[in-house]
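Okay, structure first, notes after.
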Amino acid sequence: MADQILYNEAAPFERALAKAFTDALPVPIRDLLDPDRTPEAFLAFLAASESVDLWFADWPLARKRAMVRAARNGLAALKGTRAGPDAFIRFVDGVILDRISYPARFVLGRAKIGRTPIGHPPFTARYLVKVETFVPKRALVLGRGVLGRGVLRTPTREPLRRCLQALSASKGDATEYRADFAHRRVLRLDDAPSLDGGFRLGQFVNRTRL
């Protein structure tokens, strides 16, 4: 509108300034601020504006949008709460199977020996985390590695590192925690397995408790 009342001799800077003051900007501001409609190139900037603490550039587009949406809906309010680790770790494909968090109530007559580890630091949460891992091609695996067939590569620890980063994002800066990723263990006799032949000693079973 403003550019229509300019005099004919207006300089280019004056015409550009008049266009900047117009109400009809050719920029879809509403779409740029919407995590479901903003272009992928703008998602990282939108995440920074929402103070997102957990972000990986190689995430799928849908997960990036979900993280920004969750941050806008109050994900940061869950930091330091019991629900916080679950809310953050799901973005890195992790699942918390069990936890020992503090302060924990001591119930006389119902306390289970061994539930609280001996020598464990006070007010330090423990988590049993399950996350899918994978072995890169030609990785060195004990008992299966063949020397001289190529460059040896160790199994990747990236899924574990991302779970630790998610747990850190869900906690306060001064909060300590420990994570256990051994979600499988060897079958024992005290598990009382059925004798129908479906189990054998030395077999690995799912672990659900710390």
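Taking the numbering used here, the leading residue of the sequence shown gets 223, the next gets one more, and so forth. A virtual CB, placed ideally from N, CA and C, is assigned to each residue, including glycine. Values in this document were obtained by computation on a predicted structure and should not be read as measured data.
Inter-residue spacing [alpha-carbon to alpha-carbon] between residue 391 and residue 266: Going by the C-alpha atoms only, they are around 17 Å apart.
contact_flag[the region 402-419, the region 345-356] where n(CB pairs < 8 Å) is 3 or more: Segments in contact, yes.
Extent of the continuous beta strand (DSSP E) run through residue 321: Start and end: 316-322.
Residues bridged to residue 350 (per DSSP): 320, 402, per the DSSP bridge assignment.
Three or more C-beta pairs below 8 Å linking the region 419-429 and the region 300-312: Short answer: they don't touch.
Limits of the unbroken alpha helix (DSSP H) element including residue 426: Here residue 426 belongs to no alpha helix (DSSP H); instead the beta strand (DSSP E) covers 426-428.
Reduced DSSP category for residue 312 - H, G, I as helix; E, B as strand; rest coil: DSSP places residue 312 in helix when its eight states are reduced to three.
Reduced DSSP category for residue 431 - H, G, I as helix; E, B as strand; rest coil: Coil.
Length of the line joining the Cα atoms of residue 297 and residue 245: Distance between the alpha carbons of residue 297 and residue 245: 34 Å.
Spatial distance of residue 278 from residue 302 (CA atoms): Note on geometry: alpha-carbon atoms of residue 278 and residue 302 lie some 22 Å from one another.
DSSP three-state assignment for residue 290, whether helix, strand or coil: DSSP, read as helix, strand or coil, puts residue 290 in helix.
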